[in-house]
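When we follow this note's numbering, the leftmost residue of the sequence shown carries the number 4, and every step to the right adds one. No residue lacks a Cβ here, since even glycine has one placed at the ideal position from N, Cα and C. Structure first, then comments.
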Amino acid sequence: MKAIIVTDQAAGFPGMKLVERPQPQPAINDVVVEVHASGFVPTELEWPSTWIDRREQNRTPTIPGHEFAGIVTALGYGTAGLSVGQRVFGLADWYRDGTLAEYIAIEARNLSPLPGDVDFKVGASLPISGLTAWQGLFQHGRLQAGQSVLAHGAAGAVGSMVVQLAREAGAYVIGTGRAADRQKALDFGANEFVDLEHDGLKDVGGVDLAFDVIGGDIQKQSAALVRAGGTLVSVVGPAEARPIDGLAIDFVVEADRGQLSEIVQRVRDGRLRTNIGKVSSLDNVVATFNSAQRRQGKPIIQIRS
Ligand SMILES: NC(=O)c1ccc[n+]([C@@H]2O[C@H](COP(=O)([O-])OP(=O)(O)OC[C@H]3O[C@@H](n4cnc5c(N)ncnc54)[C@H](OP(=O)(O)O)[C@@H]3O)[C@@H](O)[C@H]2O)c1
4 MKAIIVTDQA AGFPGMKLVE RPQPQPAIND VVVEVHASGF VPTELEWPST
54 WIDRREQNRT PTIPGHEFAG IVTALGYGTA GLSVGQRVFG LADWYRDGTL
104 AEYIAIEARN LSPLPGDVDF KVGASLPISG LTAWQGLFQH GRLQAGQSVL
154 AHGAAGAVGS MVVQLAREAG AYVIGTGRAA DRQKALDFGA NEFVDLEHDG
204 LKDVGGVDLA FDVIGGDIQK QSAALVRAGG TLVSVVGPAE ARPIDGLAID
254 FVVEADRGQL SEIVQRVRDG RLRTNIGKVS SLDNVVATFN SAQRRQGKPI
304 IQIRS
């Protein structure tokens, strides 16, 4: 099968290569899925799990990509509930070969059925950003109607989901980002927008929940804005996200079939809009990722048309 691999962390995006790899076989609890579309988080090449396994040994060459939509082609032992030919989407294991490939072997529990009226590209755009937003707001942040949310990077992949889900839950949402993203953040439903490049956070009053996707000073300043009893949730990597005074909840998104079903249902009935950015193919993904153009929204790789 065709797949993208990376072997050298220092090489960055130019180190990505399109190669032939053996087709994966399903182990216990696994299914094999023919990948139709994959999402990609550009910071993935900085994550330790891209380069080392759970015993901290080199695991390259690695196939990147952790979210996707496709069709089940083979079932391993113990995968009751899924069937060959079924449309699925989901979040792949951080430490296994990923979704920038024609096929993936993945544990059945990481998958959710993809309704027939949802495009594979839409399905592929939802697992990481949708589940991250959902888990940060409702599980870790325990968001209640009437509370206020500071949603950083509100025009980005995670941030746009945070804005929409928080608004739907009855929160007041202050989106942030670069000046150029003001209208996009407001279009996703932010009640107001803070331009971090020119205005910073100095005029933001207290908030009940700050959702950080940026880290560094922005995270520190956000922590100071959280009211007593409130929460700062952060998803930026281990280097940035040391808890501040016990206030920050630093989490990594987990697969959850029920939550994915809730998310895709919202897309179907128009309550949630995806934020798909550039769509490329396996053949031109290396060129796309190496382009100097600013990325906007979730990059999608269409593996089959
Ligand atoms: N722990 C987890 O489970 C988890 C899950 C999902 C994502 N993440 C992490 O969360 C981060 C965001 O992911 P994403 O997919 O939402 O990325 P994204 O689509 O690039 O969104 C981030 C947004 O924030 C903006 N931004 C970043 N730094 C900024 C700054 N200093 N001032 C103003 N705006 C700024 C970006 O603008 P520019 O593009 O112009 O910088 C972009 O609009 C990444 O670091 C990713 O690795 C973690």
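**Report entry** Residue nearest to alanine 251 in terms of C-alpha spacing, selected from Ile221, Ile55, Pro29
**Finding:** Locating residue 251 in the sequence shown gives position 248, where the first residue counts as 1. Selection Ile221, Ile55, Pro29 evaluated against alanine 251 yields Ile221 as nearest (Cα-Cα).
Query raised in the report: What residues in its chain sit with their C-beta under 8 angstroms from that of arginine 112, if we drop five residues either side in the sequence?
Result: Here the question's residue 112 lines up with position 109 in the sequence shown. Around arginine 112: Asn32, Ala258, Arg260.
Query raised in the report: Can you tell me whether proline 241 is buried or exposed, with buried defined as 16 or more other CB within 10 angstroms of its CB?
Result: Taking the sequence shown and counting its residues from 1, the one referred to as residue 241 is at position 238. Model confidence at proline 241 stands at a pLDDT of 49, short of 50, so the residue's coordinates are unreliable; what they give is reported in the following sentence. Exposed is the call here.
Query raised in the report: arginine 99: which of Arg58, Ile217, Ser151, Ala213 sits nearest, CA to CA?
Result: Position 96 of the sequence shown, counted from the start, is the residue given in the question as residue 99. When only C-alpha atoms are compared, the closest one is Arg58.
**Report entry** alanine 127 beta carbon near ligand 1 (any heavy atom closer than 8 angstroms)
**Finding:** The residue labelled residue 127 in the question sits at position 124 within the sequence shown. It does not: the Cβ of alanine 127 is nowhere closer than 8 angstroms to a heavy atom of ligand 1.
Query raised in the report: Secondary structure at glutamine 305, three-state DSSP: helix, strand or coil?
Result: Taking the first residue of the sequence shown as 1, we reach residue 305 at position 302. The answer is strand: DSSP assigns glutamine 305 an E or B state.
**Report entry** Inter-residue CB distance, glycine 321 and isoleucine 217 (contact presumed, cutoff 8 angstroms)
**Finding:** The requested residue 321 does not occur in the structure, where the chain is confined to residues 4 to 308.
Query raised in the report: Helix, strand or coil for asparagine 293 per DSSP?
Result: Mapped onto the sequence shown, residue 293 falls at position 290. Per DSSP, reduced to three states, the secondary structure at asparagine 293 is helical.
Requested in this report: Go ahead and label threonine 102 buried or exposed: buried means 16 or more other beta carbons lie within 10 angstroms of its beta carbon, across all protein chains shown.
Outcome: Start at 1 with the first residue of the sequence shown, and residue 102 comes out as number 99. With 16 or more Cβ atoms within 10 Å of its Cβ, threonine 102 is classed as buried.
Query raised in the report: By a C-beta neighbour count over all protein chains shown, 10 Å radius and 16 as the cutoff for buried, is histidine 69 buried or exposed?
Result: In the sequence shown, the residue the question calls residue 69 occupies position 66. By the neighbour-count criterion, in which a residue is buried when 16 or more other Cβ atoms sit within 10 angstroms of its Cβ, histidine 69 is buried.
Requested in this report: Flag isoleucine 217 as yes when its Cβ comes closer than 8 angstroms to any non-hydrogen atom of ligand 1, and as no otherwise.
Outcome: The residue labelled residue 217 in the question sits at position 214 within the sequence shown. Yes, since a heavy atom of ligand 1 falls inside the 8 angstroms radius drawn around the Cβ of isoleucine 217.
Requested in this report: With DSSP collapsed to three states, give me the class of asparagine 61.
Outcome: Position 58 of the sequence shown, counted from the first residue, corresponds to residue 61. Strand at asparagine 61.
Report task. Work out the CA separation of valine 35 and glutamine 28 for me, nearest whole Å. Result -> The residue you call residue 28 lines up with position 25 of the sequence shown. The residue you call residue 35 lines up with position 32 of the sequence shown. Taking the straight line joining both Cα atoms gives about 7 angstroms.
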